[in-house]
Amino acid sequence: MNAPIRTNRPSLDAYWMPFTANRQFKAAPRLLVAAEGMHYTADDGRTVLDGTAGLWCVNAGHGRRRIAEAVERQLATLDFAPSFQMGHPAAFAFAERLAAVAPGPDGQRLDRVFFTGSGSESVDTALKIALAYQRAIGQGTRTRLVGRERGYHGVGFGGITVGGLVNNRRVFPLLPGADHLRHTHDLARNAFVRGQPEHGAELADDLERMVALHGAETIAAVIVEPVAGSTGVLVPPLGYLERLREIATRHGILLIFDEVITGFGRLGAPFATDYFGVVPDLVTTAKGITNGTIPMGAVFAGRHVHDALMHGPEGAIELFHGYTYSGHPVACAAGLATLDIYEEEGLLTRATELQEVWHDAMHSLRGAPHVIDVRTIGMVAGIELDPRAGAPGSRAYDVFVDCFEKGLLIRVTGDIVALSPPLIAERADIDTMVSMLGDALKRAA
Ligand SMILES: Cc1ncc(COP(=O)(O)O)c(C=O)c1O
């Protein structure tokens, strides 16, 4: 392991932790101090198998020297450069490399790249690009944004407006005029499915209903996760994304795929756009773009979107948007090294090789205590548990803590366990995950 193991814990008071029950956590903390390959090391020295690629981001596994060295070199050469009316080579080089693998088929790749610092920033950036695009093509009445129930698009005001998670929304004022498609999760018709479920394509017609309700001329864009990750691994029904694309096109509505989780190989193709063969107008990414090492995101835009905004006097700034850290040189260096690894090790398509083993292993949990559904696609699995009466989420949380104590990191959302290991996982790692999770389920009350 590449860091000393510290058993002397720092004081936990000052750090206000994100998306965490702070008081509960600080009473019984779980601290990670090192990571290598498929494993973390906890601060008591235990090895913890990473079933979640950190937080859906460490696709090439932990402790990659090549990324560390690239970051070190970049820091020593050019630590920071402003990106407003200035440039530096690493940002252009990284954008070019990304353009070559950008979502979409040859000739239709979304190969114009806007850099951000996170998934939330990518989402807000894409929504703003969509609004700016509509105005640029003379469709300025299109200001309405459409999301989907149970969507997670980060925590910016744009992202929570189109997102569909009540706890992320109820306390905060939202952007006006947004609307939501229904989610596609349908346990009654689609339980225990490998890959795409059969039923539910018609739910895409909700967009048609929105057009009938609001008028197409008020709707700028619709955003969905091709596979919803954070809200419990919701796989799109067969034909659903195709139908959404068709309706959006027919009504001049931009289609945005939020690929913050599905981007960079999670499903077995570089992007979900490629996996499903449905091409949106904008794609948001983050996480795996730097293997989780340095915060970064990117929005991929189709040429039609980008080019529509490249108008007006040459000296005019075309899009009044950007971040201090857009195209940060160190993040770009990390991203370039990450892409090298992905390409050399075939990781952007490795999930295709692993998925039979993965699906079999995960579906072997059918029949385990409390399991009411298992769904799998690419290298992702959602295992839904029967909630305890009056205490939703508590059973999965107990399983999460139990797994961590025994040496497996899983992710839970409500009563759904989500697994998404690094794409370097071997069969033995998958077997270990399934047996540890199966044992934890047996122990769970
Ligand atoms: C689909 C999706 N969009 C956006 C985000 C937000 O990304 P970040 O946490 O980097 O802001 C996430 C994070 O999990 C995500 O899963």
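Start counting at 1 in the sequence shown, then tack on 2, and there's your number in this note's numbering.
Every residue gets a Cβ at the ideal spot worked out from N, C-alpha and C, and that includes glycine.
Quiz prompt | Check whether G290 and G314 have beta carbons under 8 Å apart | solution = The residue given as residue 290 occupies position 288 in the sequence shown. The residue given as residue 314 occupies position 312 in the sequence shown. Result no, Cβ atoms of G290 and G314 do not sit closer than 8 Å.
Quiz item: Taking the DSSP output, what are the residues bridged to I221?
Solution: To locate residue 221, count along the sequence shown from 1; it is residue 219. According to DSSP, which records beta bridges pairwise, I221 is partnered with R146.
Quiz item: What is the DSSP secondary structure of Y42, reduced to helix, strand or coil?
Solution: Counted from its first residue, the sequence shown places residue 42 at position 40. DSSP places Y42 in strand when its eight states are reduced to three.
Exercise. Using three-state DSSP, classify F21 as helix, strand or coil.
Key: Position 19 of the sequence shown, counted from the first residue, corresponds to residue 21. F21 falls in the coil class under three-state DSSP.
Practice problem: With DSSP collapsed to three states, give me the class of T186. | Solution: By one-based count along the sequence shown, residue 186 stands at place 184. Three-state DSSP puts T186 in coil, outside helix and strand.
Quiz item: Quick one: what does DSSP say I131 is sitting in, helix, strand or coil?
Solution: Translated into the one-based positions of the sequence shown, residue 131 becomes position 129. DSSP places I131 in helix when its eight states are reduced to three.
Practice problem: Kindly identify the DSSP beta-bridge partner or partners of L410. | Solution: Here residue 410 refers to the residue found at position 408 of the sequence shown. According to DSSP, which records beta bridges pairwise, L410 is partnered with L51.
Quiz prompt | Check whether L321 and A134 have beta carbons under 8 Å apart | solution = Translated into positions along the sequence shown, residue 321 becomes position 319. Translated into positions along the sequence shown, residue 134 becomes position 132. Yes, they are a contact pair.
Self-check item: Cα-Cα separation, G156 to T251
Solution: For the purposes of this step, residue 156 is identified with residue 154 of the sequence shown, where counting begins at 1. For the purposes of this step, residue 251 is identified with residue 249 of the sequence shown, where counting begins at 1. In this structure, the straight-line span from the alpha carbon of G156 to that of T251 is close to 26 Å.
Quiz item: Which residues share a DSSP beta bridge with T1?
Solution: Missing from the structure shown is residue 1; the chain here goes from 3 to 447 and no further.
Quiz item: If you follow the alpha helix (DSSP H) that R68 is part of, which residue opens it and which one closes it?
Solution: Against the sequence shown, residue 68 aligns to sequence position 66. Element bounds for R68: R67 to T79.
Practice problem: Give the DSSP-derived three-state secondary structure of T434 in the structure shown. | Solution: If you number the sequence shown from 1, residue 434 lands on position 432. Looking at T434 - three-state DSSP - the assignment turns out to be helix.
Quiz item: If you draw a straight line from the C-alpha of A223 to the C-alpha of L311, how long is it?
Solution: Residue mapping note: residue 223 aligns to position 221 of the sequence shown, counting from 1. Residue mapping note: residue 311 aligns to position 309 of the sequence shown, counting from 1. Cα-Cα distance, rounded: 16 Å.
Quiz prompt | Where T22 falls, given that 16 or more other Cβ within 10 Å makes a residue buried | solution = Along the sequence shown, read from residue 1 onward, the residue named residue 22 stands at position 20. T22 is exposed by the Cβ-count criterion.
Quiz item: Can the beta-carbon of R452 be found closer than 8 Å to that of A370?
Solution: Any question about residue 452 goes unanswered here, given that the chain covers just 3 to 447.
Quiz item: Mind checking whether S85 and T286 have CB atoms under 8 Å apart?
Solution: Counting from 1 along the sequence shown, the entry for residue 85 is found at position 83. Counting from 1 along the sequence shown, the entry for residue 286 is found at position 284. Contact flag unset, no.
Self-check item: F174 to P238 span [Cα, whole Å]
Solution: Along the sequence shown, read from residue 1 onward, the residue named residue 174 stands at position 172. Along the sequence shown, read from residue 1 onward, the residue named residue 238 stands at position 236. Whole-angstrom Cα-Cα distance: 29 Å.
Quiz item: Where G302 and L215 are concerned, what is the direct C-alpha to C-alpha distance, given to the nearest angstrom?
Solution: If you number the sequence shown from 1, residue 302 lands on position 300. If you number the sequence shown from 1, residue 215 lands on position 213. It should be pointed out that residue 302 corresponds to Phe in this sequence rather than to Gly. The straight-line gap separating the alpha-carbon atoms of F302 and L215 is approximately 30 Å.
Quiz item: What is the rounded straight-line gap between the Cα of A44 and the Cα of P282?
Solution: Stepping through the sequence shown from its first residue, residue 44 is reached at position 42. Stepping through the sequence shown from its first residue, residue 282 is reached at position 280. Their backbone Cα atoms lie some 41 Å apart in a straight line.
Quiz prompt | Neighbourhood of D113 by C-beta, 6 Å cutoff - its chain only, sequence neighbours within 5 removed | solution = Along the sequence shown, one-based indexing puts residue 113 at 111. Only A101 and A104 meet the Cβ criterion.
Quiz item: When you compare only the Cα positions, how much space is there between A62 and Y277?
Solution: The sequence position of residue 62 within the sequence shown is 60, counting from 1. The sequence position of residue 277 within the sequence shown is 275, counting from 1. Roughly 19 Å separates the two Cα atoms.
Exercise. Specify the secondary structure class of A335 as computed by DSSP and reduced to three states.
Key: Working through the sequence shown from its first residue, we reach residue 335 at position 333. When secondary structure is reduced to three states using DSSP, A335 falls in the helix class.
Quiz item: Short check: CB of A206 to CB of Y154, under 8 Å?
Solution: Here residue 206 refers to the residue found at position 204 of the sequence shown. Here residue 154 refers to the residue found at position 152 of the sequence shown. Cβ distance not < 8 Å, so A206 and Y154 don't count as in contact.
Quiz item: Any heavy atom of ligand 1 within a distance shorter than 7 Å of the CB on H182?
Solution: Here residue 182 refers to the residue found at position 180 of the sequence shown. Because no heavy atom of ligand 1 lies under 7 Å away, the Cβ of H182 does not count as near it: no.
Exercise. Going by CA-CA distance only, name the one from M364, G109 and V403 that's closest to L421.
Key: The sequence position of residue 421 within the sequence shown is 419, counting from 1. For the residues M364, G109 and V403, the minimum Cα distance to L421 belongs to M364.
Quiz item: How would you call P107, buried or exposed, if buried means at least 16 neighbouring beta carbons within 10 angstroms?
Solution: Translated into positions along the sequence shown, residue 107 becomes position 105. Residue burial is scored here from C-beta neighbours: P107 has fewer than 16 other C-beta atoms within 10 angstroms and is therefore classed as exposed.
Quiz item: Would you say the beta carbon of D126 comes nearer than 7 Å to a heavy atom of ligand 1?
Solution: Taking the sequence shown and counting its residues from 1, one reaches residue 126 at position 124. No, the Cβ of D126 stays beyond 7 Å of every heavy atom of ligand 1.
Quiz item: Does the segment 381 to 401 come close enough to the segment 343 to 351 that 3 or more CB-CB pairs lie under 8 Å?
Solution: Remark: fewer than three beta-carbon pairs, one from each stretch, lie closer than 8 Å, so the segment 343 to 351 and the segment 381 to 401 are not flagged as touching.
Practice problem: Using the DSSP secondary-structure output, state which residues sit across from A393 in a beta bridge. | Solution: Within the sequence shown, the letter at position 391 stands for residue 393. Paired residue(s): R390.
Quiz item: When we look at the beta-carbon of M212 and count the other beta-carbons within 10 Å, is it buried (16 or more) or exposed?
Solution: Numbered from its first residue, the sequence shown carries residue 212 at position 210. Flag for M212 reads buried.
Quiz item: Looking at C-beta atoms only, is the number of pairs between the segment 294 to 309 and the segment 35 to 54 that lie closer than 8 Å three or more?
Solution: No: the two stretches stay apart, fewer than three of their Cβ pairs being nearer than 8 Å.
Quiz item: Rounded to a whole number of angstroms, what is the C-alpha to C-alpha distance between P6 and H41?
Solution: Position 4 of the sequence shown, counting from 1, holds the residue named residue 6. Position 39 of the sequence shown, counting from 1, holds the residue named residue 41. Confidence in P6 is poor, its pLDDT being 49 and thus under 50, which makes the residue's placement unreliable; the coordinate value appears in the next sentence. When rounded, the separation of the alpha-carbon atoms in P6 and H41 is 15 Å.
Exercise. Name the two residues that bound the continuous alpha helix (DSSP H) containing I249.
Key: Here residue 249 corresponds to residue number 247 of the sequence shown, with the count starting at 1. For I249, the enclosing alpha helix (DSSP H) covers residues Y242 to R252.
Quiz prompt | Of the residues G160, V195 and S13, the one placed nearest P178, counting alpha carbons only | solution = Counting from one through the sequence shown, the residue named residue 178 turns up at place 176. When each option's Cα is compared against that of P178, the closest is G160.
Quiz item: Within 7 Å: the Cβ of E227 and any heavy atom of ligand 1?
Solution: Position 225 of the sequence shown, counted from the start, is the residue given in the question as residue 227. Yes, since a heavy atom of ligand 1 falls inside the 7 Å radius drawn around the Cβ of E227.
Practice problem: Grab me the residues of R152's own chain with a C-beta within less than 8 Å of its C-beta, minus the 5 sequence neighbours each way, in chain order. | Solution: If you number the sequence shown from 1, residue 152 lands on position 150. Non-local beta-carbon contacts of R152 in its own chain, meaning distances under 8 Å to residues more than five positions away in sequence, involve G166, L167, H185, H187, A230, T233, G234 and L236 in chain order.
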